[in-house]
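First the structure, in the form of structure tokens, and then the observations on it.
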Amino acid sequence: MAIEHDVLGDLMRGSLDHCVKCTICETFCPVSNVTPLFPGPKYVGPQAERFRVPDETSPDASLDYCSGCGVCTQVCPQGVHIAEINTQARAKLRERTGFRFRDRLVARPDVLGRLATPVAPVANWTLRNRLLRLVGERLVGLDHRAALPAYPGRTFQRWARRHTSPPGVRRVAYFHGCGANWSEPRTGEMTVELLEHLGCQVDVPRGQACCGLPAQSNGMFKLARRYVRRMARRLAPSARAGVDIVGTSTSCTLMLKREAREILGLDDDADLRLVSDHVYDICEYLVMLLDRGELRTDFGPLPMTVTYHAPCQQQGHGIGKPALDLMALVPGLRVIENDATCCGVAGTYGLKHEKYEIARDVGARLFGQIADAKPDLAVCDSETCRWHIEAFTGARTVHPIEILHRAAGLS
Amino acid sequence: MSHHDAIVVGVGLAGLTAAARLAEGGARVLVLAKGVGATHLGPCTIDVIGYAPERVERPGEALAGLGDGHPYAAVGRDGVQAALDWFKGVMAPYPYVGGLEENLLLPTAVGALKPSAAVPGTMAAGDLREGGEVCVVGFRALKDFHATLLADNLARAGIPARAVELDLVPEGRADVNSLGFARAFDAPAFRSEVAAHLTARLGRDERLAFPAVLGIAGPTAAWSELRDRLARPVFEVPTLPPSVPGMRVFAILRERLRRAGARVILNAVVHDAERSGGRVTGVQARVGLRDVRHGADWVVLATGGFASGGLELDSRWRAREVALGLPVSGAPGPGEERFRAGYFDDHPMGRAGVRVGRDLRPEGLDNVLVAGATLAGAQPWREKSGDGISLSTGHRAAELILGQRAAAPPTEPAKAEA
Amino acid sequence: MATLETDVLVVGGGATGAGVAWDAALRGYDVVLADRADLAEGTSGRFHGLLHSGGRYVVKDPVAAEECVTENAVLRRIVPDCIEDTGGLFVTTPDDDPAYGDRFLEGCRATNLPGEEIDVAEALRMEPRLNPGIRRAFTVPDASIDAWKTVWALARGAASRGARILTHHKVVDLHVAGEAVTGARLRNELTGEELDVQAGFTLNASGAWAAQIVKMAGIGGVGVIPGKGIMIAMNHRLVNTVVNRCTMPADGDILVPIRTVSVIGTTDIRAADPDEIPVTQDEVDQMLDDGERLVPSFRDARALRVWAGVRPLFQDEKAGDGEAVDTRDVTRAHAVVDHVARDDIGRFLTMSGGKLTTLRLMAQDIVDAMCRQLGHDRPCTTATTPVPAGGDSHANGNGYYHLGSRLRRREATLQDEQLICECELIGRSRLEETMRRRGTTNLDDIRRSLRLGMGPCQGGFCIYRATGILHGVGRLDGDEASSSLRGFLQERWKGVWPILYGDQLRQARLDDWIFQGLLDVEHMP
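Below, the structure is given as structure tokens:
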């Protein structure tokens, strides 16, 4: 007798029992602290959930203002999976209200990259043309001010296919994500070069595409499931061979590690479980090596000042801030840690016209801190956050790996 | 896996204190916590001992009378004093007033006068031991503080008091919590508006009580400005959670920890300990869907009591300490009476917790120290000793570890005897 | 002493009494209803919330089952907004005899109950948390019904027809003149004032307390065995369909989703006094084990509150009921005790037995009997007259209550209003409006109207707010505010301490922190 029952998903929902109403999530929620349109994580999570009927759309449309940053779950001292409850309820809401063309668009970064790359100059011009962006805002609701990815016209995958990694003391597989592939190939290349410098032989599994996270955040669970299953299939051979998988897109690694299993109800997917057990955020992985005394630490001096913002999705890994430990290995580097919770963009949230200003207000604290610090570089683990931060502060914003790459004398 | 000099489990007042003190004392510290701790909820008045069982006027003197089973027995008056001194030093950006000599008597939001040993300077003018006229300022939009109730109850207790309610609505929100008001008070324009509404309405000798929402970015800016502009003592009264004073304290301790270089990992749920003989060599933490091991020479357990989930009672009435599996003492067994029928009765379950010796170590473990609400022997909220116990045991735990480290460099864990 | 005159005095403001008042008022009688406490504060407000399909009785008590079949359909028509159309399941757990299912189906056919067997897989699809080891499953038209809302609707309906509803009025004596009851002396329990009611007829609808009233008429030989049943409300809806064990009626055999919670019930233990029904540890343990049988990991879920109710199980020595050993064996059907035939006392009838599902039929039967005695020909119209819905109707499209209604309402006022009780989503204006409408300063009365403080935090956050608001709008002075706050804390404590484990213990300790560490309610003036 086959029973369709999502045990892990049920545990997420069941965690509402742990809520004691303490308000800690509310004090940290970046969104409800800047706008009354979002009634806050406690309200839309464990509170509203008691009033929701399975298979019915929740009547509280305000939960759509949740950015899905996940901070509520991180700070909850009682183990309520607030963000997960919200994401599931939001998806149900979106299923009823239907998916806007815009949301269908931003849910498919891979398709966008595939379309834009061959015509990169035109694509970039279009994406940065104020007039066309205003038209786009009118037509599809993509805010004309929002930072969109640029397309350099080359892909990381093409570079990787031509690149042969020399033998090392350990093997790792690199999960590059859409950002590195279509928009920041240099981040991907630096990652491979740095890992090799640190003694790793780097596999780049072929056929990597979107992990499904943007689709999940936009409530398109069916699409997200299809994407993440496909991604898991492509990465599973590495995991099966006992090779750890590292990623530079911290939200996408979190998707594979935990969210797809918890939120999308895919805990029965053997490939995904295997990949989930073997995937690491790159900084998490390097600090693990450091803690084991297996990391090469002979970084050269880098006399500069950087700010570091740990994005919310990185915090969702529950690994602290390993980038700080790594950057502490670089002589002469002055790191100013930002203590803001969120930059506001939360993946695709801040791109949307009706949410752009909320995202801007959420990020204000961070942007202020970066502006005050006048850093040589701003550092942040997540690509969408980097683009957003750059747009608001003008500070060039890089992945921590770029700092290490420089300190290792590789650039 | 990592290895640290000390792992502190928990980021409430006890955990933050222990971790900050350890880190600034030179230890490599890893802080593991399920989420943010209880500083965000409590008033952050350092209540050392308020009732024993009659109201305590001199907390320092009362400590000795609490008995051997009480957590303070492991700290002693000097230990509590040292912790308070340290805390007051750390809290320089948000100065505290008071000490062990005499309890202050501050009104709560229902107008009870609660004894506290040390309180934030922003609350200190609320000490009503000598009486005084009070005007309580409330905001209709703030549901977590009711000025008329407070004033009325003060008046019934013989303290001349009245309430003024303002209709100011920050951020245009109908439903705004203490934090929302605190953000509003960060803005000079809002402070001016509040002052303008009050100026003409105050009696000559009235001091002013506000809900504890006078700013969050600068912990004393709004308070001192109002005091100066209105030319009279101004004090804050804690509201229902979230606690703005608690958030101020959290921010300062967190920054202290950051500067001292401790690693902090939230969402790491410590659920087991790896033991070797009488030592814990590492802890197991569940992080998301994974289990991670962290090694350490010392472990400070500061996960809180039943309220925080550091202790649990299951539906078969078995109590357990959730992180390291330490025995819980004082918890009635299945079939025994745990609670009495009157809410304010003395409940048999009331003092359950982890019992420790004078060195804060549970029996049989050499390198684990327990701090805060996890400890057995106190009824923190009844006797008004919660933050006093958390602060002093957290501080004491760190001092004990630092003392041992100074006396003997850390050794490899002893092998279990066959 | 003030005096009231009326055609009919109804004693008891539970489901039966409110139903009787509504029925009599509809037939044109002038009615006074008196209850010693608030409406539905006795048995009606302390039940699990099941609107029986009749399935529970099809094998053991077909008469009761048939009544349920009919009345279930009637109540769905006349008080739809008090009912949630959850549907019901009877399931054969691994501990139950699968053969009972055949008798169950036979019973359904015999009583016209539309019960149907479905695949176990289908049942598990409907209710994924059900014990996967169940062996048979049957659907029935069970539903959940909000007793408070129903009783208030009936009382409001009666009042709209001129009835006077006297809550907190205890009957201290019946007037007996010659061979008839002519009214009663009432005492206002809040003020101590007494009131004399001259009534043409007195209807005793006081359920488990009926024998005490009968005794006031000088009548002996009537007893009520209070059958104690305990129930535990779980924090959220573990199931969304009523789930019954498919066995002979037994303890812990039903799980009812009602409003935001699910209620497991119940026991049936003979109690000595309907006002002394403490919950014991054994009973709690037994309920939790029974819950585990229906929903695995039930013990890990959060229990919110436990309470006990008393069934009015009637014993009439003259009718030869004798001493029943097991209260469950006493008939659950209701009967009108004719005190003329039995005791030569006229203008006085007592309702015996019964259950909330058949409240309308019970009212019809006793008012019919009264009409016969009075020689009036006034037919009953309650089966076809919808009870006016309250202004706060939560109905969805088909007229039934809908779980999401409060969330929808809150969403509409999100930007305009403070949320006072966060667990049960009660806004400030509703709180203030209810205080005015009910004219009460008692937080516990407001709780029953609004479910204030009945959610997970059990008042941890909202009691202080509600007290402050009541005081602020001048409905409570400082003294009353303090005693109301303390009283409510004690009332909440009563229902939580026996089930304090797991999450609810954490909550209780956080609440202690608020009330003792933060507010210091103990030393409040």
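Chains as they are written, first to last, in this note's numbering: chain A, 1 to 411; chain B, 412 to 829; chain C, 830 to 1354. Every residue gets a Cβ at the ideal spot worked out from N, C-alpha and C, and that includes glycine. Just so you know, these numbers come straight off a predicted model, no measurement behind them.
According to the DSSP assignment, VAL362 of chain A belongs to the alpha helix (DSSP H) that extends over 353-373.
Residues ARG1207 of the same chain have their beta carbon placed closer than 7 Å to that of GLY857 of chain C, with the five preceding and five following residues left out of the count.
By the criterion of a C-beta distance shorter than 6 Å, GLY426 of chain B is surrounded in its chain by VAL419 and ALA713, once the five residues flanking it on both sides are discounted. A contact between stretches requires three or more CB pairs, one per stretch, nearer than 8 Å, and the segment 256-266 of chain A meets this requirement with the segment 210-221 of chain A. PHE28 of chain A and PRO653 of chain B have their C-alpha atoms some 11 Å from each other. Under a 10 Å Cβ-count criterion, VAL1196 of chain C is classified as buried, with 16 or more other Cβ atoms of the shown protein chains found around its own Cβ. Residue-level contact check: PRO653 of chain B touches chain A, since one or more beta carbons of chain A fall below 8 Å from its beta carbon. For TRP125 of chain A, the closest of A:ARG108, A:PRO149 and A:GLU137 by C-alpha to C-alpha distance is A:PRO149. For the segment 72-143 of chain A, the full-length alpha helix (DSSP H) segments reaching 4 residues or more read 82-97, 101-106, 109-116, 120-128 and 130-140 along the chain. In the DSSP assignment, TYR227 of chain A falls within the alpha helix (DSSP H) that extends over 221-240.
At least one CB atom of chain C sits nearer than 8 Å to the CB of PHE51 of chain A. Among the residues of chain C, those whose CB is under 9 Å from the CB of ALA61 of chain A are GLU1240, following chain order. A Cβ-Cβ distance of about 5 Å is found for the pair PRO656 of chain B and ALA623 of chain B, placing them in contact under the 8 Å criterion. Interface flag for PRO36 of chain A against chain C is set, since a Cβ pair is found closer than 8 Å. Out of B:LEU811, B:PHE755 and B:GLU794, the CA that lies nearest to the CA of ALA782 of chain B is found in B:LEU811.
Inclusion of PHE1177 of chain C and VAL1010 of chain C in the CB contact set at 8 Å is warranted, their separation being smaller than that value. When the five nearest sequence neighbours on each side are left out, the beta carbons in the same chain lying within less than 8 Å of the beta carbon of PRO1055 of chain C are those of ALA1037, ARG1099, ALA1100, ALA1101, ASP1102, PRO1103, ILE1106, VAL1139, ARG1140, PRO1141 and LEU1142, in order along the chain. For a Cβ distance threshold of 8 Å, residue set GLY716, PHE717 and ALA718 of chain B lies close to ARG1338 of chain C, ordered along the chain.
From the beta-carbon of GLN1244 of chain C, the residues of chain A found nearer than 7 Å are PRO36.
For PHE646 of chain B, the enclosing beta strand (DSSP E) stretches over residues 645-648.
Between GLY113 of chain A and ILE82 of chain A a beta carbon distance of about 32 Å is seen, past the 8 Å cut, so the two are scored as non-contacting.
As DSSP reads the structure, SER413 of chain B sits in a beta bridge with B:HIS705.
Residues of the segment 273-302 of chain A with a Cβ closer than 7 Å to any Cβ of chain B, in chain order: SER276 and ASP291. The DSSP-derived three-state label of ASP683 of chain B is strand. Excluding five sequence positions before and after THR456 of chain B, the CB atoms of its chain that fall closer than 6 Å to its own CB belong to SER527 and VAL530, given in chain order. In the assembly as shown, VAL122 of chain A is an exposed residue. Its beta-carbon has fewer than 16 other beta-carbons within 10 Å. Within the DSSP bridge table, the entry for TYR285 of chain A names no partner.
Neighbours of ILE676 of chain B in chain A, taken as residues at a C-beta separation under 7 Å, are given in chain order as GLY318, ILE319 and GLY320. For the 8 Å CB-CB criterion, THR519 of chain B and VAL648 of chain B form a contact. With its beta carbon at least 8 Å from every one in chain A, VAL419 of chain B lies outside the interface. Nearest to GLY768 of chain B by alpha-carbon distance, out of B:ALA787, B:ALA633 and B:ALA752, is B:ALA787. The criterion of a C-beta distance shorter than 8 Å is satisfied by GLY721 of chain B and ALA784 of chain B. The secondary-structure analysis by DSSP pairs VAL243 of chain A with nothing; it has no beta-bridge partner.
With contacts defined by Cβ atoms closer than 8 Å, SER973 of chain C and THR915 of chain C form a contacting pair.
For the segment 1081-1102 of chain C, the residues whose beta carbon sits under 7 Å from a beta carbon of chain A are, in order, THR1089. THR1179 of chain C is bridged by DSSP to C:ASN1033 and C:VAL1166.
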